[in-house]
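For the protein sequence lines, the chains are R and P, in the order given.
Read in my numbering, the first sequence has 8 at position 8, and its numbers run on one by one without any break.
So my numbering is basically just the index in the second sequence, starting at one, shifted up by 337.
Note that the Cβ used here is the ideal one computed from N, Cα and C, for glycine as well.
For clarity, every value in this text was computed on a predicted model and none was experimentally measured.
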Amino acid sequence: MLTALQQQFRTWLFRPKIESGTVTLSQRRIFILPTKQGWGFAGVLLLMLLGDINYNLSLGYALTFLLATAGAMTMLHAFRNMAQLEVRAGRTDAVFAGDDAQFVFHFHNNGRLPRYHLTLRDGSGNSSTFDLPQQHSTEVRLAIPAVRRGWLGTGRLTLSTEFPLGLFHAWSYLEFDTRCLTYPRPAAHVPPPASQAQGGTGALHAEGDEDFAGLRSYAAGDSFQRIAWKVLAREQGLQVKQFSAQQGRELWLDWKLLPALDTERKLEILTRWVLDADAQAIHYGLRLPGIDLPPERGAQHRAACLRALALFALNDEPPLSNLSPMQAKGAAKATRK
Amino acid sequence: MKLSAPIIYGLLLSILMVSAPHADHLPLWVSALAAMLLGWRAYLAYSGNPLPARWLLITLTLGSVGAILASFHTLFGREAGVTLLILLATLKLLELRTVRDAMVLIYLACFIIITNFFYSQSIPTALFMLATLLAILTAWIRLQTGTLPFKPRLREGNGEAVGYLAASPLWGLRIASVLLLQAIPLTLILFVLFPRVQGPLWGLPQDAYASSGLDDKMSPGSLSKLSLSDAVAFRVTFTDKAPLREQMYWRGPVLWEFDGRTWTPGKILRTAPPRLDGLSSPIDYTVTLEPHNRTWLFALEMPTQISVPAGLTYDFQVHGKSNVTARLRYTAHSQLGYRANAEENSLQLQRAQVIPRQFNPRAQQLATEWRTSLQSDEEVMRAALGYFNREGFQYTLEPPLLGMHTVDDFLFETRKGFCEHYASSFVFLMRAAGIPARVVTGYQGGAYNGLGNYYIVRQSDAHAWAEVWLRGRGWVRVDPTAVIAPARVQSGLAASVPASDSAALPFLARTQSPWLLKLRLNLDLLANQWNQWVLGYNPERQFAFLTRMGMEEITWQKMAFTMMGGVGVLVGLFALLMLRRLQAQHADKVQTAWLRLCKKLAKSGLPRAPHEGPEDYSVRVARARPHLAAGLQELSRRYIALRYGKRHNVQALREFESMVGAFKP
């Protein structure tokens, strides 16, 4: 009964709700309570006041009152430090399971006062702390470890500040409909599928006699062996070497090629194959039970394949609204049988 | 979370500032040890070397506690307690590892500030403490914000990193100043209205208050030492005309017993209450007495009434009910003309003739000669004063040392002395001649401050004189100093000592240029107001002040409500001022009008999506509500023209605004 009432009170007070678009931190959304340190400070002040009374120290009274009122005013400062901030969720790039998903939030401070020491934190303690100058926007990244493939949400986030003296904790709850697509964790090196591709040699070489075809930017999941270290040493960025395969070579990465393994394990191996095939610029197709992606190559194809692998046999619907255009197009291309 | 060097420097500065004023009255070893520990910590922060090992700190702590015990024989009491706090704070600096440690240190620093007020609550102290508080708050803010776990991603539009906002060292100071400036008016309200309780709530340590000023003992050198102090003993405002300076004898302890060197009050005899006859020249005045941690109150000879609970002893001393530990204000009524105890108890008269026979044989002999050759007591008295006058006695602040027979040495050898020498030897001579006499200590004179129309009596005005009991006239005041150096009584110390001595005089007692004198009087006036209104603000003063402000039937509830009301109003005002600059500034009127339009449409169920521009939005709305199409298209066209067009057109803006106003979805 009591817990139910408590729950109801919390619901009324905090109004949990998943939001989209821009959220402005209005007065109704900001909560303030003293911190443990704040209570400690109150205790110290009480002791000081007793001393002042006992010893008739007029200046002691003045000092105690100064500290007390300055401390109390920090409540207003903490509130002001958050009030009227505008927040919206930004685009979040897909990651592989095992990496950190970098959720992006855009904070805009429309007011003429800088904001200090704001902390964005999720339920499991991942946090990011930042300052925000007046009339300024900033992009805050919150790194949350992506453990499983599929969609990763942030859950309810807390934006908080204890500025300036740490006596009061002002906070606001934020829950956006932003999600991060998590690809399966690529398996370690696995022998390529047995050569039975249609009209192709089929063999997928990790490295070999292909011709060097140029460089492209590094993308998550690329093999370290293909990183152009010399280019990196020249401080020209992280590039990977690409090798041109023979024209017309096609590879089918087929679920059925894999031996009887755990589904997740199979997906991990397929992910590795997709990455390797992409690195070698081979035309490759992906066949999963119920999904057929015809052979092609390029970044979009790679994203579509990885997406199919990430969401395979998961029944939750991806919200299209918050996906990056690339991901959205890739999803549309995934033809379903 | 590691504390960075600037934070440590801030904390070091705070601890240094709170403990530095204590160097004045703590043993030298404490200051030296604290300075060494602070220096060591500063070096560690500067060099980045690791903090000392735990065993070393424990040894140091135990060693310090041992040293305090050895030096003060206790851990409690004022001096020992302060020493303990300061050493603990400096030692805590050496094991400063976490934010938590630093917070403990900041709280400690606030406590140590309070302990400074045991010693001084003057205006300079208050200003210095305000500066200290600013340093503490700055360190505190830096502590709370300077420990970002990783760099914030702050980027300008072009992708350039801006970095920490809180990088500048002055930044913390600015925020701390704002906090303090906001707190000052609030503090004023609390100070005036917070219901005051008269302390103490529990027993005080014996040495809780400094005792400076007159002692109830007098030996050669004790008053001349006291007269080197500038400190104010009390201030006096006369209701009507002030008496002449040579009539201003502020009576303090009366000393009866002499052991050859030191005069003491001796044991109190319970005799008949004191009796004054033939009173004349009444005078009313108000005294603001600085705390001296003794019971006696000073009043002009002879007091008849006093406004605080006090008693008049058989020898006309005024004693309060308890030690004066806070500044005390009282009005008193005195009669300058009097006959004191014309009928004195015979025991008292006997007591007033006792001298240690084994000392000062030559003085005793001289007195006996006078006694046998002269008739009356008055004649003996005059002979003694004449002796001082004739035999080349000098009034000096730096009298030569006296041997075992203090009176003999002074009367026949050195002949140089301060008022205690004259009073002591005069009373000795009288007693040796069989005339009842006693020593009276107190203050004589006072400096007039015309700005505030009051007199300042300083420790340098401390004085000792004699009282002789004459048949029919009672106790008569005789001031032998006035015979040697009349200027002492008429114009003060500086005028009466030889020029070679004046370098030893306290700065303020020296004769000075007029403007310096004026400045000094102004400063004292300020100090007096400060004492009356800030330091002396006790329950009675609060009551009187609030009554004068028009508050009726003052109860503590009423004060508390008024206080909360005042604080509430002020905080509300601050909130308005502070939050004013937060609202998004839509200086752009076009944008404001457009947002109003969007709000209207959103209310009717067609909110604008964040990504939609004006055109897309109007097309979408037009599709959903065909009847709005024409109006909305016009509005969006005008909006685009106004907002993105090249020319600023006031007329067009007005039209647009009125169209938005008229638009009904």
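Taking the continuous alpha helix (DSSP H) assigned at residue i, which residues delimit it?
i: residue 971 of chain P; result: 966–981
i: residue 423 of chain P; result: 415–431
i: residue 34 of chain R; result: From DSSP, residue 34 of chain R is part of no alpha helix (DSSP H) but of the beta strand (DSSP E) over 31–34.
i: residue 9 of chain R; result: 2–14
i: residue 300 of chain R; result: 299–311
i: residue 272 of chain R; result: 263–279
i: residue 450 of chain P; result: 436–453
i: residue 168 of chain R; result: No alpha helix (DSSP H) holds residue 168 of chain R; the beta strand (DSSP E) holding it covers 168–174.
i: residue 852 of chain P; result: 851–867
Since residue i and residue j are thought to touch, with beta carbons under 8 Å apart, how far apart are those beta carbons, to the nearest angstrom?
i: residue 854 of chain P; j: residue 164 of chain R; result: Wrong, their Cβ atoms sit about 47 Å apart, outside the cutoff.
i: residue 364 of chain P; j: residue 453 of chain P; result: The pair is not a contact, with the Cβ atoms about 17 Å apart (cut-off 8 Å).
i: residue 1007 of chain P; j: residue 972 of chain P; result: Given that chain P is displayed from residue 338 to residue 1002, the structure contains no residue 1007 of chain P and the question cannot be resolved.
i: residue 134 of chain R; j: residue 113 of chain R; result: 6 Å
i: residue 600 of chain P; j: residue 761 of chain P; result: 6 Å
i: residue 689 of chain P; j: residue 593 of chain P; result: 7 Å
i: residue 288 of chain R; j: residue 273 of chain R; result: About 12 Å separates the two Cβ atoms, so there is no contact after all.
i: residue 283 of chain R; j: residue 250 of chain R; result: 5 Å
Use the C-beta contact count for residue i: other C-beta atoms within 10 angstroms, 16 or more gives buried, fewer gives exposed.
i: residue 523 of chain P; result: buried
i: residue 2 of chain R; result: exposed
i: residue 578 of chain P; result: exposed
i: residue 39 of chain R; result: exposed
i: residue 386 of chain P; result: exposed
i: residue 692 of chain P; result: buried
i: residue 349 of chain P; result: buried
i: residue 347 of chain P; result: buried
i: residue 199 of chain R; result: Caution is warranted here: a pLDDT of 40 is assigned to residue 199 of chain R, below 50, making its placement in the model unreliable, and no coordinate value can be reported.
i: residue 18 of chain R; result: exposed
i: residue 494 of chain P; result: At residue 494 of chain P, the pLDDT of 37 sits below 50, so the modelled position is not reliable and the matter cannot be decided from this model.
i: residue 735 of chain P; result: exposed
i: residue 550 of chain P; result: buried
i: residue 682 of chain P; result: exposed
Measuring CA to CA, which of the options is closest to residue i?
i: residue 482 of chain P; options: P:941, P:362, P:436; result: P:436
i: residue 680 of chain P; options: P:727, P:694, P:611; result: P:611
i: residue 873 of chain P; options: P:348, P:628, P:475; result: P:628
i: residue 341 of chain P; options: P:439, P:402, P:376, P:367; result: P:439
i: residue 401 of chain P; options: P:384, P:426, P:899; result: P:426
i: residue 28 of chain R; options: R:84, R:73, R:274; result: R:84
i: residue 660 of chain P; options: P:630, P:510, P:637; result: P:630
i: residue 343 of chain P; options: P:668, P:379, P:988, P:353; result: P:379
i: residue 702 of chain P; options: P:771, P:737, P:651; result: P:771
i: residue 433 of chain P; options: P:765, P:450, P:375, P:414; result: P:375
i: residue 815 of chain P; options: P:441, P:809, P:776, P:396; result: P:776
i: residue 271 of chain R; options: R:117, R:177, R:223, R:184; result: R:184
i: residue 792 of chain P; options: P:622, P:528, P:518, P:431; result: P:622
Could you work out which residues of chain C lie near residue i, taking near to mean beta carbons separated by less than 7 Å?
i: residue 524 of chain P; result: Judged by its chain identifiers, the structure shown contains no chain C, and its protein chains are R and P.
When DSSP builds the beta bridges, which residues end up paired with residue i?
i: residue 806 of chain P; result: P:812
i: residue 786 of chain P; result: P:791
i: residue 128 of chain R; result: R:120
i: residue 151 of chain R; result: R:181
i: residue 657 of chain P; result: P:647
i: residue 574 of chain P; result: P:623
i: residue 754 of chain P; result: P:732
i: residue 115 of chain R; result: R:132
i: residue 642 of chain P; result: P:670
i: residue 800 of chain P; result: P:779
i: residue 241 of chain R; result: R:215
The beta strand (DSSP E) that contains residue i, what's its start and end?
i: residue 793 of chain P; result: 791–795
i: residue 603 of chain P; result: That residue, residue 603 of chain P, is in no beta strand (DSSP E); it is neither H nor E in DSSP.
i: residue 109 of chain R; result: 100–109
i: residue 776 of chain P; result: 774–781
i: residue 618 of chain P; result: 613–626
i: residue 672 of chain P; result: 665–677
i: residue 285 of chain R; result: 283–288
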